[in-house]
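Single-structure report; data block below.
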Amino acid sequence: MRQERSQALFERAKKRIPGGVNSPVRAYKAVGTTPRFIVSAKGSRITDADGNEYIDYVCSFGPGILGHAHPAVVEAVRAACADGLSFGAPTEKEVVLAELVCGMMPSIELLRLVSSGTEAVMSAVRAARGFTGRDRILKFRGCYHGHSDGLLVKAGSGALTAALPDSAGVPLDFTKNTLVADYNDRESVERLFEANAGEIAAVVVEPVAANMGVVLPKEGFLSFLREITRKEGALLIFDEVITGFRLGEGGAQEYYGIRPDLTTLGKIIGGGMPIGAYGGRRDIMEMIAPSGPVYQAGTLSGNPVATAAGIETLTILKNHPEIYRELEEKTQKLAQVMRKALGESVSVNQKGSLLGVFFAQGGVNDYESALKSDTGRYADYFNFMLDRGIYLAPSQFEAMFVSAAHSFEDIERTCEAVREYAGRKANE
Ligand code: KE4
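Heads up, the final residue of the sequence shown is numbered 427 in numbering that gives the first Met the number 0, and it's a clean run with no missing numbers.
The following block contains the structure:
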């Protein structure tokens, strides 16, 4: 597969952009090959600078649930652009999008639009601290909530240990109020609440974890979090930047029947345009300026072009619930073929149109078991599939996303490549 133009572009990019990319995972470091520079995408397909076309299972890491360049979404963006790109003033589109989101996710009574998932979670955490008057936040090892300082942490072990920053440039002072528990481990949560009684403002969780690969909540784990936060006077924040409108029109909270106090959103609600949002209980969100003392602002928040894309995307999803049934069917087919073809060498987790394939045996249901994955084997699999025109996330610790534009032929072609990979490994 030709990649000269991507190679040349990558060399050029590295001269002016850190690592040659604007988000680290795109540099393909974990898979040891040249990142493909993309020139266009349509439906389930994505085309790189050397003219190679792929079936895309990254879907921009989630926004592309309808497929790339959906005609109605593109038209909505085009029309919005013609009326001006940004005003720094309220517009009707922001109201329409807020009404759509609140109608699809009833736990959200008030919503604030921002420009990224990071901004959404950072602001929701501030709202929780402002509302409760408490400083500590409990997150889970392996869950990612964007790159705000306080949430870029790797846990120490045991209760009360101040979390250590994951990144240079984050002072220990900024993470001392971040506590880290283990996903699906109720005791680790109980221990932290016991050790920090009355100090925890909120628990923030990905209801389906999709940033350590895809890890599903164990039966009752989410309702346990709902109960313990309520008992302890802490808030429950569902980070649905990935699961929102992906697992169904009501997201993971509808799927699992849990009503969080705050929800963060991104990706799909912008249909591919830069957007994020946080919202929830009215009494909490009324704390947000200008109605309350918690400050948060943004030049491009609620931008008329991004909101146009989001309105069109959510409206299509709302009016076509059959999309979700088809997404589940297609993704289940992929999961079944992977389990059958790759056998014991992989653990496959699937929920809705989210799919995670770990080169790890014995099942993956938390960060520790995810870390046991053979990332070298994943890189081998990634490159094999890329050469066969199947575009996967360039890291074992991301998710596969299926879109409404993926045809059953796309799915079958992907299954064929998986079977070929399995056959080749079996003959090695
Ligand atoms: P952004 O700031 O990247 O829009 O959103 C941050 C974020 C917050 N919460 C969850 C659950 C997320 O998954 C994300 C971002 N997701 C990653 C994919 N694993 C974005 C891809 C990237 O970093 O390039």
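A virtual CB, placed ideally from N, CA and C, is assigned to each residue, including glycine.
Note that the structure is predicted; figures quoted are calculated from it, not measured.
(message) Just to confirm before moving on: does the CB-CB distance between G265 and V240 stay below 7 Å?
(response) Residue mapping note: residue 265 aligns to position 266 of the sequence shown, counting from 1. Residue mapping note: residue 240 aligns to position 241 of the sequence shown, counting from 1. Cβ atoms of G265 and V240: closer than 7 Å.
(request) Check whether the Cβ atoms of G256 and G250 lie closer than 7 Å to each other. (result) Within the sequence shown, the letter at position 257 stands for residue 256. Within the sequence shown, the letter at position 251 stands for residue 250. Going by C-beta atoms, G256 is not nearer than 7 Å to G250.
(request) Rounded to whole angstroms, what's the CA-CA distance from S22 to M284? Just pull it up for me. (result) Here residue 22 is taken as the residue at index 23 of the sequence shown, counted from 1. Here residue 284 is taken as the residue at index 285 of the sequence shown, counted from 1. Approximately 30 Å between the Cα atoms of the pair.
(message) Taking the straight line between their C-alpha atoms, what separation do you get for R4 and F381?
(response) On the sequence shown, position 5 is the one that residue 4 refers to. On the sequence shown, position 382 is the one that residue 381 refers to. Whole-angstrom Cα-Cα distance: 20 Å.
(message) Would the segment 110-117 count as touching the segment 328-347 if we require 3 or more Cβ pairs under 8 Å?
(response) no
(request) Counting only the same chain and skipping the five closest in sequence on each side, list residues whose C-beta sits under 8 Å from that of K329. (result) Mapped onto the sequence shown, residue 329 falls at position 330. Once the five neighbours on either side are set aside, the close Cβ partners of K329 are S352, V401, H405, F407, I410.
(request) Please name the residue, chosen from G87, V293, S222, A12, that lies closest to Q252 on a Cα-to-Cα basis. (result) Along the sequence shown, one-based indexing puts residue 252 at 253. Among G87, V293, S222, A12, the Cα nearest to that of Q252 is on S222.
(message) Given this structure, state the Cα-to-Cα distance separating C414 from A288, to the nearest angstrom.
(response) Taking the first residue of the sequence shown as position 1, residue 414 is located at position 415. Taking the first residue of the sequence shown as position 1, residue 288 is located at position 289. If you take the alpha carbons of C414 and A288, they lie about 51 Å apart.
(request) Label P259 either buried or exposed according to how many other C-beta atoms from any shown protein chain fall within 10 Å of its C-beta, with 16 as the threshold for buried. (result) Counting from 1 along the sequence shown, the entry for residue 259 is found at position 260. Buried: at least 16 other Cβ atoms inside 10 Å.
(request) Tell me where the alpha helix (DSSP H) around N426 begins and ends. (result) Position 427 of the sequence shown, counted from the start, is the residue given in the question as residue 426. First-last of the alpha helix (DSSP H) with N426: 407-426.
(message) Within 7 Å of any Cβ in chain B, is that where the Cβ of G116 sits?
(response) Absence of chain B from the displayed structure is noted, only one protein chain being present.
(message) To the nearest angstrom, how far is the alpha carbon of A26 from that of P34?
(response) The sequence position of residue 26 within the sequence shown is 27, counting from 1. The sequence position of residue 34 within the sequence shown is 35, counting from 1. Between A26 and P34, the C-alpha separation is close to 6 Å.
(message) Whole angstroms are fine: how far does the CA of E193 sit from the CA of A75?
(response) Here residue 75 corresponds to residue number 76 of the sequence shown, with the count starting at 1. Here residue 193 corresponds to residue number 194 of the sequence shown, with the count starting at 1. Straight-line Cα distance between these residues: approximately 51 Å.
(message) Tell me whether the segment 170-188 and the segment 122-139 touch, counting them as touching only if at least three CB pairs, one residue from each stretch, are closer than 8 Å.
(response) yes
(message) Just list the residues that DSSP pairs M272 with in beta bridges.
(response) Residue numbering aside, residue 272 sits at position 273 when the sequence shown is read from its first letter. Paired residues: G270.
(message) Does the distance between the C-beta of D238 and the nearest non-hydrogen atom of the ligand KE4 fall short of 6 Å?
(response) Start at 1 with the first residue of the sequence shown, and residue 238 comes out as number 239. D238 has its Cβ nearer than 6 Å to a heavy atom of the ligand KE4.
(request) Classify C58 as buried or exposed, calling it buried when 16 or more other Cβ atoms lie within 10 Å of its own Cβ. (result) The residue labelled residue 58 in the question sits at position 59 within the sequence shown. Buried.
(message) I'd like the ranges of any alpha helix (DSSP H) spanning at least 4 consecutive residues and lying wholly in the segment 180-225.
(response) 185-194
(request) Could you give the DSSP three-state label for I136: helix, strand or coil? (result) Sequence index remark: in the sequence shown, residue 136 carries index 137 (1-based). Reduced to three states, the DSSP call for I136 is strand.
(request) Would you please state the rounded distance, in angstroms, between the beta carbons of L354 and L333? I believe it to be under 8 Å. (result) Taking the first residue of the sequence shown as position 1, residue 354 is located at position 355. Taking the first residue of the sequence shown as position 1, residue 333 is located at position 334. About 6 Å separates the two Cβ atoms, so the contact holds.
(request) Following the continuous alpha helix (DSSP H) through A81, name the residue where it begins and the one where it ends. (result) Within the sequence shown, residue 81 is the residue found at index 82, counting from 1. First-last of the alpha helix (DSSP H) with A81: 70-81.
(message) Is the beta carbon of I268 closer than 7 Å to that of G297?
(response) In the sequence shown, residue 297 corresponds to position 298, counting from 1. In the sequence shown, residue 268 corresponds to position 269, counting from 1. Not in contact: G297 and I268 (Cβ atoms no closer than 7 Å).
(message) Do M103 and N51 have their beta-carbon atoms positioned less than 7 Å apart in this structure?
(response) On the sequence shown, position 52 is the one that residue 51 refers to. On the sequence shown, position 104 is the one that residue 103 refers to. Their beta carbons are not under 7 Å apart, which means N51 does not touch M103 by this criterion.
(message) Closer than 6 Å to a non-hydrogen atom of the ligand KE4 - does that hold for the CB of V24?
(response) Looking up residue 24 in the sequence shown gives position 25. Yes, the Cβ of V24 comes within 6 Å of a heavy atom of the ligand KE4.
(request) Please go through the same chain and pick out, in chain order, the residues whose beta-carbon is closer than 6 Å to the beta-carbon of F237, but skip the five residues on each side of it. (result) Taking the first residue of the sequence shown as 1, we reach residue 237 at position 238. Here the set comprises P206, Q252, P259, T262.
(message) Taking its Cβ as the centre, do 16 or more other Cβ atoms sit within 10 Å of L159, making it buried, or is it exposed?
(response) In the sequence shown, residue 159 corresponds to position 160, counting from 1. The pLDDT assigned to L159 is 31, lower than 50, so where the model puts this residue is not dependable, and the model offers no usable value.
(message) Taking the beta carbon of E397 as the centre, do at least 16 other beta carbons fall within 10 Å, making it buried, or is it exposed?
(response) Residue numbering aside, residue 397 sits at position 398 when the sequence shown is read from its first letter. Buried, by the Cβ-count rule.
(request) Please name the residue in K13, I37, G18 whose C-alpha comes closest to that of Q2. (result) Here residue 2 refers to the residue found at position 3 when the sequence shown is read from its first residue. Nearest option by C-alpha distance: I37.
(message) Using only the alpha-carbon positions, how far apart do P105 and R225 sit?
(response) For the purposes of this step, residue 105 is taken as residue 106 along the sequence shown, with counting starting at 1. For the purposes of this step, residue 225 is taken as residue 226 along the sequence shown, with counting starting at 1. Answer to the nearest angstrom: the Cα atoms are 16 Å apart.
(request) Could you say which of T46, I54, A78 lies nearest to A416 if we only look at CA atoms? (result) Walking along the sequence shown from the start, residue 416 turns up at place 417. Ranking the options by Cα distance to A416, first place goes to I54.
(message) Here's a check: name, in chain order, each residue in its chain whose Cβ is nearer than 8 Å to the Cβ of R111, leaving out the five neighbours to either side.
(response) As a working note, residue 111 is residue 112 in the sequence shown. So the qualifying residues of the chain are S122, A276, Y277, G278, M284, I287, Q295, S300.
(message) Could you tell me the alpha carbon to alpha carbon distance between E321 and G247, rounded to whole angstroms?
(response) Position 322 of the sequence shown, counting from 1, holds the residue named residue 321. Position 248 of the sequence shown, counting from 1, holds the residue named residue 247. Answer to the nearest angstrom: the Cα atoms are 10 Å apart.
(request) Give a single yes or no on whether H144 has its beta carbon closer than 6 Å to a heavy atom of the ligand KE4. (result) Here the question's residue 144 lines up with position 145 in the sequence shown. Checking the Cβ of H144 against the ligand KE4 gives yes.
(request) Would you mind sorting L326 into buried or exposed? The rule is 16 or more other CB atoms within 10 Å of its CB. (result) Translated into positions along the sequence shown, residue 326 becomes position 327. Residue environment for L326: buried (at least 16 other C-beta atoms within 10 angstroms of its C-beta).
(message) Can you look up D260 in the DSSP assignment and give me helix, strand or coil?
(response) In the sequence shown, counting from the first residue as 1, residue 260 sits at position 261. Here D260 sits in coil by DSSP.
(request) Verify the contact flag: E205, CB atom, against every heavy atom of the ligand KE4, threshold strictly below 6 Å. (result) Locating residue 205 in the sequence shown gives position 206, where the first residue counts as 1. E205: yes, Cβ under 6 Å from the ligand KE4.
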